[in-house]
Amino acid sequence: STGHTFSITPTEATDVLFSNPPASGTATGFTVEVNGDGSAITWPSSVKWHLDTAPTATASKEVYTFITTDGGTTYYGKKAGENLA
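Here it is in structure tokens:
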């Protein structure tokens with residue numbers, strides 16, 4: 007996709023995949039809104055998180071941001087918001 011904002015509503019354990027990243031050397035960021043019920047979310051292994059630990063999903067609206075500069079080999083992820091209305 008060519009969008010920069012995505013929304014998912016998992017109702018069971020969910021594996022998230024990223025596809026179609028830009029060419030290496032092109033910085034690209036995007037946001038994923040999760041409207042969850044607390045079901046486990048497994049992010050791609052290429053995502054690097056603070057302290058090397060992916061955040062735990064909650065039963066609320068959450069926002070995650072990601073950036074890649076190397077064609078999707080590595081993504082840097084951050085939970086940007088939790089318990090949002």
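Take 7 as the starting number for the sequence shown in the numbering used here and just add one per residue. Just so it is clear, CB atoms sit at the ideal spot from N, CA and C, and this is done for glycine as well.
Other residues of its chain near residue i: CB distance less than 6 Å, five sequence neighbours each side excluded
i	result
S13	E39
H10	F36
K67	N41 and L90
CA-to-CA distance, residue j to residue i, given in whole angstroms
i	j	result
N26	I47	21 Å
S80	V53	Sequence check: residue 80 is Thr here, not Ser. Their Cα atoms are separated by approximately 6 Å.
V69	T59	16 Å
A65	T34	28 Å
T75	G31	5 Å
F24	P50	7 Å
Collapsed DSSP secondary structure at residue i in the structure displayed
i	result
A91	coil
A86	strand
T11	strand
Cβ distance (whole Å) where residue i is taken to contact residue j below 8 Å
i	j	result
S45	A19	5 Å
P16	G42	6 Å
Short CB-CB distance (under 8 Å) between residue i and chain D
i	result
T74	In the displayed structure, chain D is absent; only one protein chain is listed.
Open item on the list: For a minimum of 3 consecutive residues, which ranges assigned as the beta strand (DSSP E) are wholly contained in the stretch 24 to 82?
Closed with: List check, beta strand (DSSP E) in window: 30 to 41 and 67 to 76.
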